[in-house]
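For reference, the structure is listed below as structure tokens.
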Amino acid sequence: MRTDEIHVPIGADPDIVAARQAARELASRAGFTGTDLTMLATAVSEVARNIVRFASSGEVSIELLDRPRAGIRVVARDTGPGIGDLDRALEDGFSTYNGLGLGLPGSRRLMDEFDITSEPGQGTTVSMTKWIDRKG
Numbered sequence: 001m002r003t004d005e006i007h008v009p010i011g012a013d014p015d016i017v018a019a020r021q022a023a024r025e026l027a028s029r030a031g032f033t034g035t036d037l038t039m040l041a042t043a044v045s046e047v048a049r050n051i052v053r054f055a056s057s058g059e060v061s062i063e064l065l066d067r068p069r070a071g072i073r074v075v076a077r078d079t080g081p082g083i084g085d086l087d088r089a090l091e092d093g094f095s096t097y098n099g100l101g102l103g104l105p106g107s108r109r110l111m112d113e114f115d116i117t118s119e120p121g122q123g124t125t126v127s128m129t130k131w132i133d134r135k136g
């Protein structure tokens with residue numbers, strides 16, 4: 001396994017913590033600091049939690065990027081029931097789990113790039129990227 005890419009199987013609550021910690025450690029090694037580390041860890045926690053809640057199992061992959069610039073990409077995949085209405089799922093306050101409905105829309109706001117694909121009965125893939133801000 002390459003040291004700049006980590007794959008974390010997700011199936012239970014402790015795996016959410018493992019994914020969050022793996023993302024933080026890899027991002028810290030890449031040069032992310034403070035607020036960006038917290039935003040990344042929060043976004044990873046949210047997408048991993050969705051896997052546990054809605055799909056039972058899946059995987060979070062975390063990869064360091066150096067082109068076109070330095071950053072980190074997180075891809076969360078599952079083979080769960082999928083999301084029937086993606087637009088609605090990305091609205092603040094929408095939840096099918098009696099939650100606050102901030103998971104996906106919050107993750108989208110915390111990251112620089114966010115893409116989600118889902119097919120009912122096939123599963124969901126969320127791809128998120130955070131770029132290192134090298135200003136100052």
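For the sequence shown, full-length UniProt numbering begins at 1 and goes up steadily by one. Quick reminder that beta carbons are idealized off the backbone N, C-alpha and C, glycines included.
#1: Below 8 Å on the Cβ atoms is my guess for A41 versus D15; work out the distance and round it to an integer in Å.
#2: With distances taken between CB atoms, is the gap from E59 to R77 smaller than 8 Å?
#3: Give me whichever residues DSSP pairs with M128 in a beta bridge.
#4: To which residues does DSSP link G58 through a beta bridge?
#5: Does the Cβ-Cβ distance between G82 and Q122 come in under 8 Å?
#6: Check whether the Cβ atoms of E46 and G106 sit closer than 8 Å, and answer yes or no.
#7: G34 lies in the alpha helix (DSSP H); which residues open and close that run?
Taking the definition as stated:
#1: The residue given as residue 41 occupies position 41 in the sequence shown. The residue given as residue 15 occupies position 15 in the sequence shown. For A41 against D15, the beta-carbon gap comes to about 14 Å, at or over 8 Å, which does not count as contact.
#2: Working through the sequence shown from its first residue, we reach residue 59 at position 59. Working through the sequence shown from its first residue, we reach residue 77 at position 77. Yes, Cβ-Cβ distance for E59 and R77 is below 8 Å.
#3: Taking the first residue of the sequence shown as position 1, residue 128 is located at position 128. Per the DSSP secondary-structure output, M128 pairs in a beta bridge with V74, F114.
#4: Numbered from 1 along the sequence shown, position 58 holds the residue referred to as residue 58. Its beta-bridge partners are I10, D78.
#5: By one-based count along the sequence shown, residue 82 stands at place 82. By one-based count along the sequence shown, residue 122 stands at place 122. G82 is a Cβ neighbour of Q122, given a cutoff of 8 Å.
#6: For this step, residue 46 is matched to residue 46 along the sequence shown. For this step, residue 106 is matched to residue 106 along the sequence shown. Going by C-beta atoms, E46 is nearer than 8 Å to G106.
#7: Taking the sequence shown and counting its residues from 1, one reaches residue 34 at position 34. First-last of the alpha helix (DSSP H) with G34: 34–50.
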